[in-house]
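For reference, the structure is listed below as structure tokens.
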Amino acid sequence: MYRTTPPVIRREDYRPAEFLIDQADLRFELDAGQTLVEAELSLRRNPAAPRGDGDLHLDGEQLELLDLTLDGRRLPPAEYRVDEHALVVRRVPDRFRLRTRVQIHPSANTALEGLYVSGDMLCTQCEAEGFRRITYFLDRPDVMSRYRVTLVADPARYPVLLSNGNPAGTEELADGRRLARWDDPFPKPSYLFAVVAGDLALVEDRFVTASGREIPLRIFVEPGNRDKCDHAMRSLKAAMRWDETRYGREYDLDLFMIVAVSHFNMGAMENKGLNVFNDKFVLARPDTATDADFAHIEGVVAHEYFHNWTGNRITCRDWFQLSLKEGFTVYRDQEFSADQGSRGVKRIEDVRLLRSRQFPEDAGPMAHPVRPDSYIEINNFYTATVYEKGAELVRMQAGLLGPERFRKGTDLYFERFDGQAVTTDDFVACMEQAGGLDLTQFRRWYAQAGTPVLECADHYDADAGTYTLEIRQHTPATPGQADKQPLHIPFAVGLLDAQGRDLPLRLAGESAASEPTAAGVCTRMLELRAPVERFTFVGLAARPVPSLLRGFSAPVRLRYPYSDADLTFLMAHDSDGFNRWDAAQTLAQRLLLRMVEEEALSVPDSFVEAFRQALKEAPVDASADTQADPALLAEVLTLPSEGYLADQMDCVDVDGIHRARETLAATLGALLREDLLAVYERHWQPGAEAGDYDLSPAAAGRRALRNCVLGYLGQAPDAGIVALAQRQFDTANNMTDVIAALRVLLEMPVDVAGDAGERALAAFYRRWSQEQLVLDKWFALQAQSSRPDTLARVKGLMKHPQFSLANPNRVRALIGAFASGNPLRFHAEDGAGYGFLADRILELDPLNPQIAARLLHPMTRWRRYDPGRQALMQRQLERILEVDGLSSDVYEVVSRSLG
Ligand code: ARG
Ligand code: ZN
Numbered sequence: 001m002y003r004t005t006p007p008v009i010r011r012e013d014y015r016p017a018e019f020l021i022d023q024a025d026l027r028f029e030l031d032a033g034q035t036l037v038e039a040e041l042s043l044r045r046n047p048a049a050p051r052g053d054g055d056l057h058l059d060g061e062q063l064e065l066l067d068l069t070l071d072g073r074r075l076p077p078a079e080y081r082v083d084e085h086a087l088v089v090r091r092v093p094d095r096f097r098l099r100t101r102v103q104i105h106p107s108a109n110t111a112l113e114g115l116y117v118s119g120d121m122l123c124t125q126c127e128a129e130g131f132r133r134i135t136y137f138l139d140r141p142d143v144m145s146r147y148r149v150t151l152v153a154d155p156a157r158y159p160v161l162l163s164n165g166n167p168a169g170t171e172e173l174a175d176g177r178r179l180a181r182w183d184d185p186f187p188k189p190s191y192l193f194a195v196v197a198g199d200l201a202l203v204e205d206r207f208v209t210a211s212g213r214e215i216p217l218r219i220f221v222e223p224g225n226r227d228k229c230d231h232a233m234r235s236l237k238a239a240m241r242w243d244e245t246r247y248g249r250e251y252d253l254d255l256f257m258i259v260a261v262s263h264f265n266m267g268a269m270e271n272k273g274l275n276v277f278n279d280k281f282v283l284a285r286p287d288t289a290t291d292a293d294f295a296h297i298e299g300v301v302a303h304e305y306f307h308n309w310t311g312n313r314i315t316c317r318d319w320f321q322l323s324l325k326e327g328f329t330v331y332r333d334q335e336f337s338a339d340q341g342s343r344g345v346k347r348i349e350d351v352r353l354l355r356s357r358q359f360p361e362d363a364g365p366m367a368h369p370v371r372p373d374s375y376i377e378i379n380n381f382y383t384a385t386v387y388e389k390g391a392e393l394v395r396m397q398a399g400l401l402g403p404e405r406f407r408k409g410t411d412l413y414f415e416r417f418d419g420q421a422v423t424t425d426d427f428v429a430c431m432e433q434a435g436g437l438d439l440t441q442f443r444r445w446y447a448q449a450g451t452p453v454l455e456c457a458d459h460y461d462a463d464a465g466t467y468t469l470e471i472r473q474h475t476p477a478t479p480g481q482a483d484k485q486p487l488h489i490p491f492a493v494g495l496l497d498a499q500g501r502d503l504p505l506r507l508a509g510e511s512a513a514s515e516p517t518a519a520g521v522c523t524r525m526l527e528l529r530a531p532v533e534r535f536t537f538v539g540l541a542a543r544p545v546p547s548l549l550r551g552f553s554a555p556v557r558l559r560y561p562y563s564d565a566d567l568t569f570l571m572a573h574d575s576d577g578f579n580r581w582d583a584a585q586t587l588a589q590r591l592l593l594r595m596v597e598e599e600a601l602s603v604p605d606s607f608v609e610a611f612r613q614a615l616k617e618a619p620v621d622a623s624a625d626t627q628a629d630p631a632l633l634a635e636v637l638t639l640p641s642e643g644y645l646a647d648q649m650d651c652v653d654v655d656g657i658h659r660a661r662e663t664l665a666a667t668l669g670a671l672l673r674e675d676l677l678a679v680y681e682r683h684w685q686p687g688a689e690a691g692d693y694d695l696s697p698a699a700a701g702r703r704a705l706r707n708c709v710l711g712y713l714g715q716a717p718d719a720g721i722v723a724l725a726q727r728q729f730d731t732a733n734n735m736t737d738v739i740a741a742l743r744v745l746l747e748m749p750v751d752v753a754g755d756a757g758e759r760a761l762a763a764f765y766r767r768w769s770q771e772q773l774v775l776d777k778w779f780a781l782q783a784q785s786s787r788p789d790t791l792a793r794v795k796g797l798m799k800h801p802q803f804s805l806a807n808p809n810r811v812r813a814l815i816g817a818f819a820s821g822n823p824l825r826f827h828a829e830d831g832a833g834y835g836f837l838a839d840r841i842l843e844l845d846p847l848n849p850q851i852a853a854r855l856l857h858p859m860t861r862w863r864r865y866d867p868g869r870q871a872l873m874q875r876q877l878e879r880i881l882e883v884d885g886l887s888s889d890v891y892e893v894v895s896r897s898l899g
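Here's what the structure looks like:
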């Protein structure tokens, strides 16, 4: 058994800090082996906090204390104490200066928290609690300090020396080392601190702010990657402009910097003036990155930039408030991306992610409210719930207020709380005040975990011409929250007539109907508050078809007994693009779940015809700007994922789901062969080979459609299809088309395709073996293969010279892609996948607990499987829990899963 259980941190225990640190002067003597950190802190008692025992408790981990002085006096051992987590200085005055000197070891830091080595550079990651691995400090977000930083290093190894804020001069020291000073005028919490040192290449541009200030923009990358920064730079400038026009937020420092690092636990980090990125969210060239990669880069660059106001200028009081900055910033980056490309497609992608990641989380053992009540390890709470559901809560408030009042609300928020560390409640209070509405009940969304279920029923009264919708809400119990209160839910609806047009809407008691817009849209935002709500629409000559939860107006599971004919009708006619897509998804989901149950079930003609019809509407001219947006069509034609289908079943049938999806895709591929080929050829861009690659959303949409169609054709392959995929693989000039063709070639059976897949894979490796981010794709493709020998192959790849447990991107590409992206092979009946994952987690935990805990996730939902698999997963989880000295990260996830 584990020896000690790590302590639980509770939101209700929050107390203001007893001391504040107004000024932090830090001096680093940087070296990979050992770095000296000298900190001079100006401390004073916090007037807002009650007096404690008079001792100062500073956080600190894995630090070697070399020296300690208070107001210039070296402290004798009797006046302080050091343990694994803290430095306690006894009986300190009300106001004083404390100087510490510590030694740390970046090259031994495999957890990638604090100061660590990535390739040849040194960099930091401090959120959430990494700063305490750099120096003794009050490492909590409600302590905001002004930082002045001095960096000293050997200029041969570390010619570039960066920290937050504005540059304040450099010096050459007599011993040959270089010194650089940085000064950040904005008080900030320690989690936003950053240092980078290395031999870095620079890409520079500039941005003129709304008030006319010229800001240099600098992207630093490893030498050799300078040609992959254009897209990140373009995205950054677009984000800066967007924040000015949409939120009135201008950049505040004299300089903005991004550094791309190859070893990074998460996506990126919004350190003040010095964002540090996982390089996969910076580096892109059309031949190395897919359209999806380009879109992610745009979104993450914007996300981190937007944090400058939502996170940095206004930060979180404590980590329970994480969604204050993350939920709002995700909402902001979603809206930004929607404005750059297709709003409809962006909403579909965001909801797909919410449903495939957040809904299962909210229904499993790790379920927690957007504002959690307790945690053991805060790093485990950077979740889809805090981020994506948190964004949905902001989106709902924006919807309830409408654009003008929402902007008033955010203006008020920025004005009232600038420079402060606040709570999600403070945010809601601003929306409430600016919107002039009561959000008391709405606040429950922050406190209550679980995905609400809406059961809808309706009744049409032909004599009265009335149509009544009845909506019941309930939220299932989640761990620690048995009883749920009803929520305030914005519920957008439209009603369609027999021709598929939006009807004017008039509720009983209203004097006039709201009429459809010029675009033919008539949507009404109903507000649900009670457990059961009824709404009666009047003046209806015939029974309408309801279009419910338009635009996915709330993060809920909707149940309404649509007939297949209704869904086909909505798929063809709904004025709400999101609901057209959702109708198609529901139709496919139903059919697939029926096919899982009845193995022999054949695909109904009506389904094939609905697909044929959708394909017919594909634009004839690839460049024509028609309503049948190819990107949207590609979304409509994409079947629900295996993971999403699993979430719909009480007991997940892993093999059945895979078989049903394959059968359906193969049937469509065979029956619709001519239609699919026609769409494929129409969208094949001969120019593509010539090099005039087009990054526009329209062109990306055409590639998405063509590759979706190729996927279906690949499910019913013959020599012609093999040749088609081979031609695409050989001649495409961009990674989107190359990887799509490679995936298809790899999945085709050997008796049709021979060794075409293996040859293509080998060619891909030869071409890209030195390009780390592309190599990640090579690892991931193999890990996700449905071939029966995939686990053996993954094990073999662990020994590949280019595999390393020390690189999180590589670990995610191989082990993560297998465990989370290949349900068929990971959940193999013999449990070999589970044993493999548990072994890897035990190997990784001592090195990098954050990554180890994240890899665990596919096993946390063990209760959803058949008894055999349950027992096998449970055994592995128990085996992990028995290990001595587990990290708090892994301990918390495993113990909650078993609990
Ligand atoms: N704040 C970062 C973001 O932009 C994420 C940092 C996550 N860090 C962690 N240790 N979990 O979303
Ligand atoms: Zn963020």
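Per full-length UniProt numbering, residue 1 is the first one in the sequence shown, and the count goes up by one each step.
Quick reminder that beta carbons are idealized off the backbone N, C-alpha and C, glycines included.
A heavy atom of the ligand ZN is found nearer than 6 Å to the CB of E326. The distance from the Cβ of Y467 to that of L495 is about 7 Å, consistent with a contact at the 8 Å cut-off.
Within 10 angstroms of the beta-carbon of Q715 lie 16 or more other beta-carbons, which makes it buried. For the pair G327 and V394, the CB atoms are nearer than the 7 Å cut-off. Assignment of T110 by DSSP, reduced to helix, strand and coil, places it in the coil class.
Only exposed fits Q770, as fewer than 16 other CB atoms lie within 10 angstroms of its CB. Non-local beta-carbon contacts of V422 in its own chain, meaning distances under 6 Å to residues more than five positions away in sequence, involve R317 in chain order. A buried status is given to T478, since no fewer than 16 other beta-carbon atoms sit within 10 Å of its beta-carbon.
Between T150 and V37 a beta carbon distance of about 11 Å is seen, past the 8 Å cut, so the two are scored as non-contacting. DSSP places E349 in the helix class (H, G or I) of the three-state scheme. Restricting attention to M525, T568, P544, I880, the CA atom closest to the CA of S553 is found in M525. Residue nearest to G500 within the set L567, A457, A464 is L567 (criterion: CA-CA distance). Restricted to the stretch 639-705, the alpha helix (DSSP H) segments that are unbroken, complete and at least 4 residues in length are 642-647, 654-671, 673-683, 686-690, listed in chain order. In the displayed model, G509 falls within coil according to three-state DSSP, outside both helix and strand.
Q850 counts as buried, since no fewer than 16 other beta carbons sit within 10 angstroms of its beta carbon.
The way I'd put it, the stretch 191-204 does touch the stretch 123-134; three or more beta-carbon pairs between them come closer than 8 Å. Distance from P504 to C522 at the Cβ level is roughly 6 Å; contact confirmed, criterion being Cβ atoms closer than 8 Å.
By the Cβ neighbour-count rule, Q340 is buried, with 16 or more other Cβ atoms within 10 Å of its own.
Listed in chain order, the beta strand (DSSP E) elements of length 3 or more contained wholly in the stretch 5-38 are 19-29. Within 10 angstroms of the beta-carbon of P159 lie fewer than 16 other beta-carbons, which makes it exposed. Taking 8 Å as the upper bound for CB-CB distance, D564 and S606 are in contact here, some 7 Å apart.
Under the DSSP assignment, F537 falls in the beta strand (DSSP E) whose first and last residues are 532-537. F381 sits close to Y375, with the two beta carbons spaced by under 7 Å. Residue pairing from DSSP places S118 in a beta bridge opposite M121. For V8, same chain residues with a beta-carbon under 7 Å away, outside a window of 5 residues either side, are S374, I376 in chain order. For T329, the Cβ falls inside the 6 Å cut-off from some heavy atom of the ligand ZN. For D205, the enclosing beta strand (DSSP E) starts and ends at 201-208. Secondary structure at A363: coil, using DSSP grouped into helix, strand and coil. In this structure, the CA atom of K777 is about 37 Å from the CA atom of Y247. Inter-segment contact for the stretch 658-666 and the stretch 583-596 is present: three or more beta-carbon pairs are separated by less than 8 Å. About 5 Å separates the CB atoms of K346 and S337; that is less than 8 Å, so the two are in contact. Closest in C-alpha terms to R226, from the list V89, L507, D199, M748, comes D199. Residue environment: G224 is assigned as exposed (fewer than 16 neighbouring CB atoms within 10 Å of its CB, all protein chains considered). Residue environment for A584: buried (at least 16 other C-beta atoms within 10 angstroms of its C-beta). Excluding its 5 nearest sequence neighbours in each direction, E270 has C-beta neighbours in its own chain below 6 Å: E304, H307, G311, listed in chain order. Using a Cβ distance threshold of 7 Å, G364 and T860 count as a contacting pair.
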